Amino acid sequence: MRLPLAGLTTAVVLFVVDQAAKLGVTEGLKLNAMTDGHYVTSFFNLRFVANQGVSLGLLHADTDTMRWLLVAMTGVIALGVLVWMWRETNRSEQAALGLVLGGAAGNILDRIRLGYVVDFADLHFGSWQPFLVFNIADAAISIGVVILFARALLVREKPVRGSPVADAPAKGPGTPPGATNSGADQGPTETFHA
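One point on numbering: in the numbering used here, the residue at position 149 of the sequence shown is 167, and numbering is uninterrupted.
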């Protein structure tokens with residue numbers, strides 16, 4: 019089994035960038051719950067939010083038990099993503115899984131270290147705010163999931179030569195289940211249409 023370099027590299031780079039951005043917001047800009055935020059553009063501000071839940075405010079972890087339960091749940095999911103990434107041979111899918119894994123790891127570390135996830139990206143258009151305040155890890159997880167979903171719907175990869183699927187004899191339209199239609203050695207097949 020080959021090392022999934024595309025996925026691991028993506029996960030590590032994303033994890034480092036996410037943690038550096040969170041540190042820059044909390045330590046560099048000194049944003050906290052008491053400050054109003056930092057104006058960047060007319061549609062984007064930096065604003066500190068101590069997120070005790072997960073995306074969209076779900077599963078609010080306001081007790082230590084809930085916090086550690088959330089750490090365990092997201093840890094199991096991250097482990098599943100890592101196993102999937104290790105088995106994946108497509109580099110694009112490895113990278114998408116790396117986005118999910120790196121983002122999950124960044125948010126898990128926040129929750130272990132601080133008891134909450136540091137969110138800071140406030141995207142808005144006038145008074146319309148399409149997303150809650152989020153962070154780089156959240157964005158990466160969302161982008162990774164969208165890429166995986168799009169590839170599952172849109173990309174049909176050819177089977178690798180030597181794989182059981184590529185080497186399986188082709189079945190004709192009238193071939194009964196369990197039988198094969200490998201060419202000239204079989205007689206004509208009849209197809210009945212109702």
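Every residue, glycine too, gets a C-beta built ideally from N, C-alpha and C.
Source: prediction; values computed, not measured.
Spatial distance of T59 from A157 (CA atoms): Cα-Cα distance, rounded: 19 Å.
Outcome for R129 when other beta-carbon atoms lying within 10 angstroms are tallied against a minimum of 16: Answer is buried; the Cβ neighbour count reaches 16.
Under the three-state DSSP convention, the category A68 falls into: If DSSP states are grouped into helix, strand and coil, A68 belongs with the strands.
Distance, T44 Cα to S160 Cα: Those two C-alpha atoms are separated by around 23 Å.
Identity of the residues DSSP links to Y57 by a beta bridge: Residue pairing of Y57 in beta bridges, as defined by DSSP: N63.
Which residues share a DSSP beta bridge with N139? Per the sequence shown, residue 139 should be read as Ala rather than Asn. A139 is bridged by DSSP to L64 and F152.
Determine the extent of the alpha helix (DSSP H) in which Q147 is found, giving its start and end residues. From DSSP, Q147 is part of no alpha helix (DSSP H); its letter is neither H nor E.
Determine the contact status of G120 and T53, defining contact as a CB-CB distance below 8 Å. Note that the C-beta distance between G120 and T53 is not below 8 Å.
Drop a sphere of 10 angstroms on the beta-carbon of D137, count the other beta-carbons inside from all chains shown, and report buried for 16 or more, exposed for fewer. D137 comes out buried.
What residue from H142, L132, A114 and Q37 has the CA that sits closest to D82's CA? Looking at the Cα atoms, L132 is the closest of the given residues.
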